[in-house]
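Down below is the structure, laid out as structure tokens.
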Amino acid sequence: CMRGLNDVHVLEKICPEYPSLALHKQPTSQDHGRRRLTESAVSSLCRNATYFLSELWTNEESVRESLGIHKETVPSWLRCDFNLPYTYEINSTVDDHLALITKGYRAMIYSGDHDSKISYVDTQAWIRRLNLPITDHWRPWHLDDQIVGYTRTYSNNLTYATVKGAGHTAPEYMPRECLAMIDRWLSGEPL
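Take any residue in the sequence shown, note its place counting from 1, add 9, and you have its number in this note's numbering.
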């Protein structure tokens, strides 16, 4: 029943992985040698088109030079390089997280409530495996007198929060709310 839904934000449409964007091939004198998007391409962009644009931008010679990226070191930058060698054999990170938080390190875990890739239900199930007592029960947290998510606090300084309306990468979808959340958490204030 989830087929056909955008798994990183269930309310957004599914778009092509890399949209065909109409870039001006020949820069005009007004462009100062830069490529640019046509207005029609910009107005029809899906969120994942910005990922494509970030790859174009990051691989521009002037940007690479400004960032000190040498072609010999990184021939081409990819946002998500799925060809990197990676071991997917980690069965659980529960023990690793318990080791850190029982040493007194504070931790915050958050989920966008419109993410089905790693849903807030799955995240809560993972947190339950830590077997930590709840110290502050499920309640809304606010920004500008509006509910922007829900939060719960556990022993050993673990805070869990949802971000209302956010997808898989919550700060990308709800930057203002996520900034308020992290600011409060870093300063030790309750959400």
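The beta-carbon is built from N, C-alpha and C at its ideal position, and this holds for glycine as well.
* Alpha carbon to alpha carbon, how far is GLY158 from MET190? -> Approximately 10 Å, taken between the alpha carbons.
* **Segments of 3+ residues assigned as beta strand (DSSP E) that fall wholly inside the region 108–179** => Listed in chain order, they are 116–121, 143–152, 155–163, 167–172.
* Could you tell me the distance, in whole angstroms, from the CA atom of LYS112 to the CA atom of LEU139? => Roughly 14 Å separates the two Cα atoms.
* Asked: Taking the alpha-carbon positions, what's the ALA134 to ASN68 distance?
  -> The straight-line gap from Cα to Cα measures roughly 40 Å.
* Grouping DSSP H, G and I as helix and E and B as strand, with all else coil, what is LYS34? -> With a pLDDT of only 46 at LYS34, under 50, the local geometry of the prediction cannot be trusted, and no value is derived from it.
* To do: Leaving out five residues on either side along the sequence, give the residues of the same chain with a beta carbon under 8 Å from the beta carbon of ILE136.
  => The answer, listed in chain order, is ILE118, TYR163, LEU167, TYR169.
* Asked: Assuming HIS177 and ILE127 make a contact with CB atoms under 8 Å, what is their CB distance in whole Å?
  -> Sure, about 7 Å apart at Cβ, within 8 Å.
* **Separation of ASN15 from ARG56, as counted between CA atoms** => So the alpha carbons of these two residues sit roughly 11 Å apart.
* For LEU76, count neighbouring C-beta atoms within 10 Å of its own C-beta (all shown protein chains included) and say buried if the count is 16 or more, exposed if not. => By the neighbour-count rule (16 or more Cβ atoms within 10 Å), LEU76 is not buried but exposed.
* **Residue environment, GLY121, which counts as buried when at least 16 other CB atoms sit within 10 Å** => Residue environment analysis places GLY121 among the buried positions, since at least 16 neighbouring C-beta atoms fall within 10 angstroms of its C-beta.
* What is the residue span of the alpha helix (DSSP H) that TYR60 lies within? -> Note, TYR60: alpha helix (DSSP H), 56–67.
* Asked: Just how far apart, CA to CA, sit ALA31 and ASP124?
  -> In this prediction, ALA31 scores a pLDDT of 49, lower than 50, which makes its location untrustworthy; the coordinate-derived value is nonetheless stated afterwards. Their backbone Cα atoms lie some 30 Å apart in a straight line.
* Asked: Where LEU152 and PRO84 are concerned, what is the direct C-alpha to C-alpha distance, given to the nearest angstrom?
  -> Straight-line spacing of the CA atoms in LEU152 and PRO84 works out to 43 Å.
* Asked: For GLU186, does the three-state DSSP call read helix, strand or coil?
  -> Looking at GLU186 - three-state DSSP - the assignment turns out to be helix.
* Asked: What's the C-alpha gap between LEU93 and TRP86?
  -> Straight through space, the alpha carbons of TRP86 and LEU93 are spaced by roughly 12 Å.
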